[in-house]
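Every number in my numbering is 1 more than the matching position in the sequence shown, counting from 1. First the structure, in the form of structure tokens, and then the observations on it.
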Amino acid sequence: MISPGPMPLTVQDAEALLKDFICNDVISPISEEENAKIQQALLLLTHESDYQMLGICADSMAQALTTLKQYLKALEYSINVEDNPLEPLEGAVYLKFNGRNQTFYLSSYLDKYRGVLISFQSTEEDGINGVYGHFPLDLFA
Numbered sequence: 002m003i004s005p006g007p008m009p010l011t012v013q014d015a016e017a018l019l020k021d022f023i024c025n026d027v028i029s030p031i032s033e034e035e036n037a038k039i040q041q042a043l044l045l046l047t048h049e050s051d052y053q054m055l056g057i058c059a060d061s062m063a064q065a066l067t068t069l070k071q072y073l074k075a076l077e078y079s080i081n082v083e084d085n086p087l088e089p090l091e092g093a094v095y096l097k098f099n100g101r102n103q104t105f106y107l108s109s110y111l112d113k114y115r116g117v118l119i120s121f122q123s124t125e126e127d128g129i130n131g132v133y134g135h136f137p138l139d140l141f142a
């Protein structure tokens with residue numbers, strides 16, 4: 002007997018799965034299977050929302066930019082990060098990407114959190130609106 006493949010996620014399933022990442026101080030190691038489920042949930046909410054904002058808390062500007070490129074590619078943004086030069090910063094940084102107007106903001110970051118916050122935005126009142134994370138920096142590596 003052939004077992005059926007995994008059932009596709011619903012929006013409610015995706016939101017429930019991602020809520021486990023809200024306000025986590027530390028990102029626990031996740032398995033490849035969990036990684037795939039998180040990716041699937043993020044992609045579903047990306048397609049169901051109008052735009053997203055990403056906040057990346059990283060140990061360096063290089064790490065933040067690498068993470069941003071990986072997430073933008075996975076979330077199907079066609080923006081070239083190199084076309085938007087940023088002033089170099091040393092040490093830990095916070096890199097924000099606004100998907101609505103496709104702009105970037107970079108600042109020094111002194112807090113302990115590391116990872117990616119994703120804010121899903123919809124223009125409709127009953128659309129997908131919510132902030133999830135911190136997700137692993139290498140989720141889409």
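Just so it is clear, CB atoms sit at the ideal spot from N, CA and C, and this is done for glycine as well.
By the Cβ neighbour-count rule, Thr68 is buried, with 16 or more other Cβ atoms within 10 Å of its own. In the structure shown, Lys113 falls within a coil segment according to DSSP collapsed to helix, strand and coil.
The residues Leu55, Val117 and Phe141, in chain order, have a CB closer than 7 Å to that of Tyr72 in the same chain once the five nearest residues on each side in sequence are set aside.
Leu66: member of the alpha helix (DSSP H) spanning Met62 to Ala75, first to last residue. Taking 8 Å as the cut-off, the Cβ atoms of Gly134 and Ser109 do not count as close.
Ile57 is positioned such that its CB atom lies no closer than 8 Å to that of Ala63. Rounded to the nearest angstrom, the gap between the Cα atoms of Asp139 and Ser123 is 26 Å.
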